[in-house]
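First comes the structure, then the notes that go with it.
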Amino acid sequence: MSMILYNIRHRGPFEYDKFVLNILQVSNETKRLLKNFNAAADSKIPKKQKAIDELLASLSDEKGVLQNIMSMQEQIT
Amino acid sequence: MLNQKNSKQLMQTLHDSQNSIKEVEDKLSIIDNELTKRLMVITNAQELALKQTQELQEMIKGGYDSNAQTKTVFAKADIVGGTYDIFGSTVHPAFIKPPANVFNFGTTKGQVFKNNANVRINDVVKENYKSMLMHDSIADKGVAFEEFNKPDITLEVEVNPDDLLGATDFNVIEILPYLPGSFKIKGIEIFTMQDYRQKEEVASVAYFDTLEDFGAHRYVLPNTKQLWKCIFHIELTFRNSDGKYPFGLKHLYFLKGAQDTESEIIVRIPRDHYIDWISEKIQVHDQHGTYDSTCDEQGIKLYMSYITNVLSLEIATSLSGGENPIPKNIKEFYAKIPVNRSMVSLKFDKIKNR
Chain R
1 MSMILYNIRH RGPFEYDKFV LNILQVSNET KRLLKNFNAA ADSKIPKKQK
51 AIDELLASLS DEKGVLQNIM SMQEQIT
Chain U
1 MLNQKNSKQL MQTLHDSQNS IKEVEDKLSI IDNELTKRLM VITNAQELAL
51 KQTQELQEMI KGGYDSNAQT KTVFAKADIV GGTYDIFGST VHPAFIKPPA
101 NVFNFGTTKG QVFKNNANVR INDVVKENYK SMLMHDSIAD KGVAFEEFNK
151 PDITLEVEVN PDDLLGATDF NVIEILPYLP GSFKIKGIEI FTMQDYRQKE
201 EVASVAYFDT LEDFGAHRYV LPNTKQLWKC IFHIELTFRN SDGKYPFGLK
251 HLYFLKGAQD TESEIIVRIP RDHYIDWISE KIQVHDQHGT YDSTCDEQGI
301 KLYMSYITNV LSLEIATSLS GGENPIPKNI KEFYAKIPVN RSMVSLKFDK
351 IKNR
């Protein structure tokens with residue numbers, strides 16, 4: 001859920017109120033950003049990292065593609 | 001009632017926001033670094049796979065050596081019996097129970113890294129090099145992988161003797177490279193704790209056998225050593241399209257485990273034709289390199305039959321002076337091979353068709 005962002009004018013009255021509102025808006029936005037990021041970092045990103053690790057393992061693990069090619073070369077030479 | 005914040009509290013709120021942004025930045029930077037490293041490994045692995053496949057094609061185009069059919073690569077062989085363990089390219093004596101890892105210990109929540117050693121490559125210490133000592137099951141294990149400008153490198157693992165966290169005894173070195181077949185090991189020097197105490201400058205244990213095309217491998221020492229420092233002299237043989245020499249290890253374990261001294265493998269060796277005789281001369285590829293030997297020297301015995309775990313009808317091998325024809329029409333035979341070190345392959349000098 002996105003919050004309401006006030007279009008605060010630089011000039012005019014209520015200077016201090018606008019200053020306070022600005023700070024609270026920034027604080028709310030960063031809290032939301034951090035919450036969403038942590039949720040992604042805890043769920044989506046580890047899944048994608050795991051997928052990349054599995055791809056890497058299929059290439060270079062002890063039973064991976066490169067190891068298999070090496071065994072084939074050993075057989076022929 | 002809501003308390004109105006004073007200026008100090010407001011500034012603290014702003015400061016907290018700044019910290020949150022910094023936290024996101026730091027996490028993103030870690031994710032970015034890890035992904036970049038993994039992509040670097042994958043790119044190099046694909047390039048190496050392509051190169052190796054092309055080499056393989058050239059070898060086949062150049063004429064498949066019929067004598068190559070006399071070779072048995074244990075990682076691909078039909079091992080029908082025996083007591084042994086297998087890891088990557090190698091078969092080696094069987095562990096009696098799961099070995100202990102010098103730099104990791106098991107807990108009910110999984111493996112824990114001791115973090116009591118430094119890893120240097122070309123005398124440069126980097127925190128991420130330590131990842132190679134970490135157990136693969138540890139979640140935040142990084143990628144120890146880099147591209148070098150020169151092919152000769154030294155990899156050094158040094159335990160901090162003031163922060164031992166348990167014994168450093170080991171008798172097996174397990175190496176799993178990211179790019180199997182992209183380097184050779186020209187020597188291994190092992191400094192023991194006794195060397196450390198006596199301030200020795202020369203390693204008390206050193207092996208200078210060149211191990212070509214090194215892949216996933218376990219190196220078995222004849223007896224247990226107390227590790228202080230281990231230096232690997234490595235020559236990188238794969239140069240990528242950027243002109244760099246990539247190198248990295250997924251893991252480098254120093255293991256201690258009692259091994260079955262009576263370990264052996266029974267390999268079925270099939271042929272397309274009936275076999276007339278088999279040479280006594282063989283070529284062995286093991287952890288000491290590739291060298292000529294004989295079945296007798298290696299304690300290898302050949303049999304015509306293996307039924308319900310019983311080997312029978314022993315085959316007499318043939319020396320260059322005289323041939324010992326096999327008195328039966330067989331298209332396969334069984335080799336009983338004692339395993340007292342890591343072995344990669346075995347090649348008979350000749351298997352003569354009938």
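These protein sequences, in sequence, are chains R and U.
The numbering used here applies: residue 1 is where the first sequence begins, and numbers increase by one.
The numbering used here applies: residue 1 is where the second sequence begins, and numbers increase by one.
Every residue gets a Cβ at the ideal spot worked out from N, C-alpha and C, and that includes glycine.
Counting only runs of 4+ residues, the alpha helix (DSSP H) found wholly inside the stretch 274-313 of chain U occupies 295-298, in chain order. Non-local beta-carbon contacts of Leu319/U in its own chain, meaning distances under 6 angstroms to residues more than five positions away in sequence, involve Glu280 in chain order. For His273/U, the number of other beta carbons within 10 angstroms of its own is below 16, and it is reported as exposed. If you check the CB distance, Asp195/U and Lys256/U do not come in under 9 angstroms. For Thr224/U against Ser182/U, the beta-carbon gap comes to about 31 angstroms, at or over 8 angstroms, which does not count as contact. Scanning chain U for C-beta atoms nearer than 9 angstroms to the C-beta of Leu56/R yields Arg38, Val41, Ile42, Ala45, Val143, Tyr178 and Lys250, reported in chain order. With respect to Val112/U, Ser131/U sits apart: the two C-beta atoms are not nearer than 9 angstroms. Here DSSP, grouped into helix, strand and coil, assigns Arg120/U to strand. When secondary structure is reduced to three states using DSSP, Thr77/R falls in the coil class, being assigned neither helix nor strand. Going by C-alpha positions, Thr30/R is about 20 angstroms away from Ile45/R. Of all residues in the stretch 227-254 of chain U, only Lys250 come within less than 8 angstroms of chain R when Cβ atoms are compared, listed by chain position. At least one beta carbon of chain U lies nearer than 9 angstroms to the beta carbon of Lys63/R. With its beta carbon at least 9 angstroms from every one in chain R, Val339/U lies outside the interface.
Rounded to the nearest whole angstrom, the CA to CA distance from Glu55/U to Asp242/U is 20 angstroms. Under the criterion of beta carbons closer than 8 angstroms, Leu346/U and Thr72/U qualify as touching, at roughly 5 angstroms. In the three-state scheme derived from DSSP, where H, G and I count as helix and E and B as strand, Pro46/R is classed as helix. Listed in chain order, the alpha helix (DSSP H) elements of length 4 or more contained wholly in the stretch 149-183 of chain U amount to none.
Judged by their CB atoms, Asn240/U and Asn33/U are not nearer to each other than the 9 angstroms cut-off. The DSSP-derived three-state label of Gln111/U is strand. Straight-line measurement puts the Cα of Leu33/R at about 49 angstroms from the Cα of Ile86/U. Lys22/U sits away from Phe37/R, with the two beta carbons spaced by 9 angstroms or more. Considering only Ala258/U, Asp213/U, Glu264/U and Pro270/U, the residue with the shortest C-alpha distance to Pro222/U is Ala258/U. The C-alpha of Ile153/U is placed about 24 angstroms away from the C-alpha of Lys199/U.
Cβ neighbours of Gly299/U within its own chain (closer than 7 angstroms, five residues either side excluded): Pro338.
Annotated three-state conformation of Asp140/U is coil, per DSSP.
Restricting attention to Leu39/U, Ile96/U and Arg197/U, the CA atom closest to the CA of Leu56/R is found in Leu39/U. DSSP, reduced to helix, strand and coil, places Phe103/U outside both helices and strands of the structure shown, so it counts as coil. Spanning the alpha carbons of Leu313/U and Gln69/U requires a straight line of approximately 23 angstroms. The secondary-structure analysis by DSSP pairs Gln226/U across a beta bridge with Asp169/U.
Taking 9 angstroms as the cut-off, the Cβ atoms of Arg120/U and Val172/U do not count as close.
Per the C-alpha coordinates, the member of Pro246/U, His92/U and Val267/U positioned closest to Lys150/U is Pro246/U.
Chain R places no beta carbon closer than 9 angstroms to that of Leu313/U, leaving this residue out of the contacts. Annotated three-state conformation of Ala335/U is strand, per DSSP.
The contact set of Phe87/U on chain R, defined by CB atoms closer than 8 angstroms, consists of Glu62 in chain order.
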